[in-house]
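To convert, take the position in the sequence shown, counting from 1, and add 56; that gives my numbering.
Written out below as structure tokens is the structure these notes cover.
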Amino acid sequence: MGSRSASMHGMWSSRAVFIMATVGSAVGLGNIWKFPYITGEYGGGAFVVVYLICIALIGVPIMMAEILLGRRGRASPIATMKRLTREQHSSPLWTLVGYSGVLAGFLILSFYSVIAGWALAYVFDSAAGGLNGITADGAGQKFGDLVGSWQTLLLWHTVFTLMTIVVVARGVKNGLERAVTVLMPALFIMLLIMVGYAFIEGDFARGFGFLFNTDFSKVFQLCTGTPEALNCEFTGEPVVVAMGHAFFTLSLGMGAIMAYGAYVPDHASITGATLTIALADTVVALLAGLAIFPIVFASGLEPSSGPGLIFQTLPIAFGNMPGGQWFGTLFFVLLVFAAWSSSISIIEPAVAWLVDSRGWTRGVAAFAVGGLAWLIGIGSVLSFNLWSGEEYQLFGKTIFDLKDFLASNIMLPLGGLLIALFVGFGAGRQMALEELSISRQRLFDAWWFVIRFVSPVGIVIVFLNSIKAFG
């Protein structure tokens, strides 16, 4: 058996805290708008069923693998992989798993903080009554003014980055643990309040139906046109979308789960914790849909607005509904909390690596990583204004879009694939047996088969689909 020493960074005080921290990592801005939207777009309840199957076959097995690697190594993802390759007598090339995750998380933070900055700006604007009585043109103009001002975006980008740095600099118990034990309960409470508000003031029946009406035909075909002239084409796209979202929503492949796994107590059940995390992540996404779509439908607005649903469509609804000023403010605070809990997990792998390998204090490491991410993030800020023209684009994408694509569509699936392959083939079966401690042999054998064959195939499908979309 490998070393069972505690992490030099500290340990979670309990399994419950670890679950809250990991749910905080998984729950981000994408849960609040993307999951509800794609659920309604691809068949409602039928899509949820497909999504849950994908969670079971890809998300949960790989999360279990990533957590067990973190707990086994008790260090940053890079140091963990170096330690485990020696322990398992594997090729040192497997350390690329750690480097890939740290780099992906760093790249994500450099643009994620810009979007989180938008939510911060709307918190104060809504609280000040800036959305009251706003029209569609006014909402579009307000959002355009926000992203069009590099000075304003830079300000909020800076504020959010500092919020993240301060938490991570304080360490596992005084920083990460204290933050998630406040942020996650607050996030759930705010979501429930928003669902209650949507039930009273929104068209809850229509919103509920949009999310949960089961139509399996939409899972296997896409239809365009009007009801009178409907053109349907068979496609597996909804299944691929469900597979991709199941993977990305759990923050897999960026080193965050492995880093958090390093702080898990020896007695904690990895299997039980992973199932709880996956369930909580899905519940948050569905609650977000129940909070958003009844309000959208009650206001006669378009539910398929993508990212604009949050920053252009919902402000119209909040600005013209009873109590909308305060519930709108609460909603954007909810967005900030979701982004904050995710960002502190994104930065943690790089900070832990500097502490492990360079002997830096957490404070210095946090400000170094956060400061560099902030600096690179300036390119993301300028992508929406000064550098938005074609002359500043590469492969037809702005700096922001290119970083998003590289991290989300290339580096994360690659990291998840390497994790599955290392656990399934690069390391010994005994290591997984010791860390997972699954009492029933058949359950372990099922997981072992999935992590070696099913999950890698699913990730490759997502990866190839992403490359095809890029081309």
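C-beta atoms are modelled at their ideal positions from N, C-alpha and C, and glycine is treated no differently.
Bear in mind the structure is a predicted one, so any value in this text is a computation, not a measurement.
Check, Outcome
"Start-to-end residues for the alpha helix (DSSP H) that takes in Q197", "192 to 204"
"For G484, the three-state DSSP class (helix, strand or coil)", "coil"
"Residue range of the unbroken alpha helix (DSSP H) whose run includes G415", "Per DSSP, G415 belongs to no alpha helix (DSSP H) and is neither H nor E."
"L520 burial status per 10 Å Cβ neighbour count (16 or more: buried)", "exposed"
"Which residues DSSP lists as bridging K453, in chain order", "L450"
"Continuous alpha helix (DSSP H) stretch holding G80: start and end", "71 to 82"
"Alpha-carbon to alpha-carbon, Q368 and D201", "12 angstroms"
"DSSP bridge partner residues for T270 (one or two, in chain order)", "G100"
"When G196, W396, A424 are compared against V407, the one with the closest alpha-carbon", "A424"
"Beta carbon of P405 nearer than 7 angstroms to that of A315", "yes"
"For V236 and G80, believed in contact at Cβ under 8 angstroms, the rounded distance", "5 angstroms"
"Helix, strand or coil at M246 [DSSP, three-state]", "helix"
"L187 in three-state terms, based on DSSP", "coil"
"Simplified DSSP state of H145, which is helix, strand or coil", "coil"
"Alpha-carbon to alpha-carbon, D259 and V518", "35 angstroms"
"C-beta contact flag for I333 and T78 at 7 angstroms", "yes"
"Neighbour-count burial assignment, H213, 16 or more Cβ in a 10 Å radius", "buried"
"Three-state secondary structure assigned by DSSP to T305", "coil"
"Close beta carbons around L210, own chain, < 8 angstroms, minus the five adjacent residues each side", "I434, V437"
"Nearest-angstrom Cα separation, counted from G472 out to G263", "34 angstroms"
"Three-state secondary structure (DSSP) of E358", "coil"
"Nearest-angstrom Cα separation, counted from W503 out to A261", "39 angstroms"
"Sequence-distant residues of the same chain with beta carbon closer than 6 angstroms to V389, five excluded per side", "V179"
"Collapsed DSSP secondary structure at D322 in the structure displayed", "coil"
"Expected contact under 8 angstroms - CB spacing of G66 and V228 to nearest Å", "3 angstroms"
"Straight-line Cα distance separating T417 from P92", "41 angstroms"
"Buried or exposed by the 16-neighbour rule on C-beta atoms within 10 Å, applied to Y98", "buried"
"Three-way DSSP call (helix, strand, coil) for R498 in this model", "helix"
"Sufficient close CB pairs (3 or more, under 8 angstroms) joining the region 394 to 401 to the region 164 to 180", "yes"
"Of the listed residues R130, F266, S444, nearest to I351 (C-alpha basis)", "F266"
"Backbone secondary structure at M299 - three-state DSSP", "helix"
"N-terminal and C-terminal residue of the alpha helix (DSSP H) that E122 is part of", "116 to 129"
"Residue burial classification, T270 (beta-carbon count within 10 angstroms, cutoff 16)", "exposed"
"Three-state secondary structure (DSSP) of A508", "It should be pointed out that residue 508 corresponds to Arg in this sequence rather than to Ala. Here R508 sits in helix by DSSP."
"DSSP state of N441 mapped onto helix, strand, coil", "coil"
"At least 3 beta-carbon pairs within less than 8 angstroms: the region 104 to 119 vs the region 320 to 340", "yes"
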